[in-house]
Amino acid sequence: MIDITIDKNVFHGFLFYTGVLVLKTMLMSLLTTRMRFMKRVWSSPEDIDAAIKLKIPSPSLKYDDEHVERVRRAHLNDLENIPMFIFSGFVYALSQPNPSVALTLFRIYALARILHTVVYAIYVVPQPARAIFHVISYFIAIYMTIVGLIMFFRP
Ligand SMILES: N[C@@H](CCC(=O)N[C@@H](CS)C(=O)NCC(=O)O)C(=O)O
Numbered sequence: 240m241i242d243i244t245i246d247k248n249v250f251h252g253f254l255f256y257t258g259v260l261v262l263k264t265m266l267m268s269l270l271t272t273r274m275r276f277m278k279r280v281w282s283s284p285e286d287i288d289a290a291i292k293l294k295i296p297s298p299s300l301k302y303d304d305e306h307v308e309r310v311r312r313a314h315l316n317d318l319e320n321i322p323m324f325i326f327s328g329f330v331y332a333l334s335q336p337n338p339s340v341a342l343t344l345f346r347i348y349a350l351a352r353i354l355h356t357v358v359y360a361i362y363v364v365p366q367p368a369r370a371i372f373h374v375i376s377y378f379i380a381i382y383m384t385i386v387g388l389i390m391f392f393r394p
C-alpha cells in the first residue's frame, strides 16, 4: 500500500504549468508553419504542389532554410526537455515539497523554457542567453527528479 499525500496548491501548480508548457510545445508547430509560409519553403514535394495550387509565388523545396530550421530546433529542444519536466514535476509534487518553493520552481522552469524559445526562434539573441535559460530549466528538472525520488522512496 502506498500512502500518497499531495498538497492541493502544489498539484494545481504542477498541472497548470504542465498545461502551459504542453500548449507552448504544440504552438511550435504553428510557428514552424508560419515560418514556412513567410519563407515559402517546404521540405516535401507534395507541399510544393499544394503551395502552387494555393497560388503562393515561387515556393521552394529546401531542407536547410536557416529560419525554419531554427524554429524546428527550438521545437525539438522542447521535446527533449518538457516531457522530462512532466515526470520530474510529478514525482517532486508527490514528495511533499514546501509549497512556495515548489510553485516558484514550476514558475521559473516555465518562464525559462518560454524565454529559451524567444531567444532561439523569435528574436535571435546572442549566446549565452539561450544557454542560460536552458541550464536554469535543466537543473531545476534534475533537482526536482532527485529530490522527488529521494523523498518519495525514503524508508
Ligand atoms: N540537443 C541539444 C542538447 C544540449 C542543449 O539542449 N543545449 C541548449 C543550450 S546551448 C540548446 O539550446 N541547444 C540547441 C538545440 O537543441 O538546438 C543540442 O544539440 O544542443
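Residue numbers (our numbering): 240 to 394.
Ideal Cβ positions, reconstructed from N, Cα and C, are used throughout, including at glycine.
Predicted model only: the values in this text are computed from it and were never measured.
request  = In the DSSP assignment, find the unbroken alpha helix (DSSP H) run with residue 309 in it and report its ends.
outcome  = 305-332
query = Count the other CB atoms within 10 Å of the CB of residue 351; is the residue buried (16 or more) or exposed (fewer)?
reply = buried
inquiry  = Closer than 7 Å to a non-hydrogen atom of ligand 1 - does that hold for the CB of residue 359?
reply    = yes
message = Looking at residue 311: is its Cβ nearer than 8 Å to the Cβ of residue 272?
response = no
inquiry  = Measuring straight from C-alpha to C-alpha, what distance separates residue 362 and residue 331?
reply    = 33 Å
inquiry  = Classify residue 303: buried if its beta carbon has 16 or more other beta carbons within 10 angstroms, exposed otherwise.
reply    = exposed
ask   = Where DSSP assigns a beta bridge to residue 299, which residues make up the other side?
value = 280
query = Distance, Cα to Cα, residue 267 vs residue 314?
reply = 6 Å
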